[in-house]
Amino acid sequence: MSTDQQYPPASEPPAAGVQLNHTAVYASNRHLSAEFLAAVLGLRVGAPFGPFLPVDLGNGVTLDFYEKRDEPIQSQHYAFLVPEERFDPVVARLETLGVTYYADPAHTEPGRINRLFGGRGAYFDDPDGHNMEVMTRPYARP
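Residue numbering for the sequence shown follows the numbering used here, starting at 2 and increasing by one per position.
Here it is as structure tokens:
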């Protein structure tokens, strides 16, 4: 497919009835990665579903951890919007687990949080190097 391909404009308003249901998260050890994220976010790991190990985020979306052992894991970014009252417990769990968190996505400000868009946020790596983010306010979009 050509990169200059033009697609017709959407006939419905953006996001009309469209929701993310699940996404696969590649991991070198699906149990380790799923348990790690569930522990940090205060969630539970679900029952295996075929090759997937799901973590239900509680909003109709699951992260389905999928094991890839024969090739490197390409780092991805996952951002989690949490209520203000759940932010401090998430940071406390990171500290208890000995996981460094950062105020910025480039991980240059260790042990600090940010205060973007009137909320609070932090970044941390999962066991496979995925750049995870927790935030209490969504980004302001144009």
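All C-beta atoms, glycine included, are put in the ideal place defined by N, C-alpha and C.
Candidates ASP126, ARG138, SER76 and GLY59: closest to THR88 by CA position: For the purposes of this step, residue 88 is identified with residue 87 of the sequence shown, where counting begins at 1. Just to set this straight, residue 88 is Phe in the shown sequence, not Thr. Closest in alpha carbon position to PHE88, among ASP126, ARG138, SER76 and GLY59, is ARG138.
Identity of the residue in LEU21, ASN132, ASN22 and ALA17 nearest GLN75 by Cα: For the purposes of this step, residue 75 is taken as residue 74 along the sequence shown, with counting starting at 1. Out of LEU21, ASN132, ASN22 and ALA17, the CA that lies nearest to the CA of GLN75 is found in ASN132.
Through-space distance from ARG116 to GLU85, alpha-carbon basis: Taking the first residue of the sequence shown as 1, we reach residue 85 at position 84. Taking the first residue of the sequence shown as 1, we reach residue 116 at position 115. Roughly 12 Å between the two C-alpha positions.
Alpha-carbon spacing of LEU1 relative to GLY59, whole angstroms: Lying before the first or after the last residue shown, residue 1 is absent from the chain, which here runs from 2 to 143.
Own chain, CB closer than 6 Å to THR101, minus 5 neighbours either side, in chain order: Against the sequence shown, residue 101 aligns to sequence position 100. For THR101, the CB contacts under 6 Å within the same chain, skipping 5 residues up- and downstream, are PRO111 in chain order.
Beta-carbon spacing of ASP65, ALA28 below 7 Å: Position 64 of the sequence shown holds residue 65. Position 27 of the sequence shown holds residue 28. Result no, Cβ atoms of ASP65 and ALA28 do not sit closer than 7 Å.
Alpha helix (DSSP H) segment containing PRO90, residue limits: Looking up residue 90 in the sequence shown gives position 89. Annotation: the continuous alpha helix (DSSP H) that includes PRO90 extends over 85-98.
Beta-carbon proximity check, VAL91 vs VAL135, cutoff 7 Å: Here residue 91 is taken as the residue at index 90 of the sequence shown, counted from 1. Here residue 135 is taken as the residue at index 134 of the sequence shown, counted from 1. It is a contact, given that the beta carbons lie within the stated cut-off.
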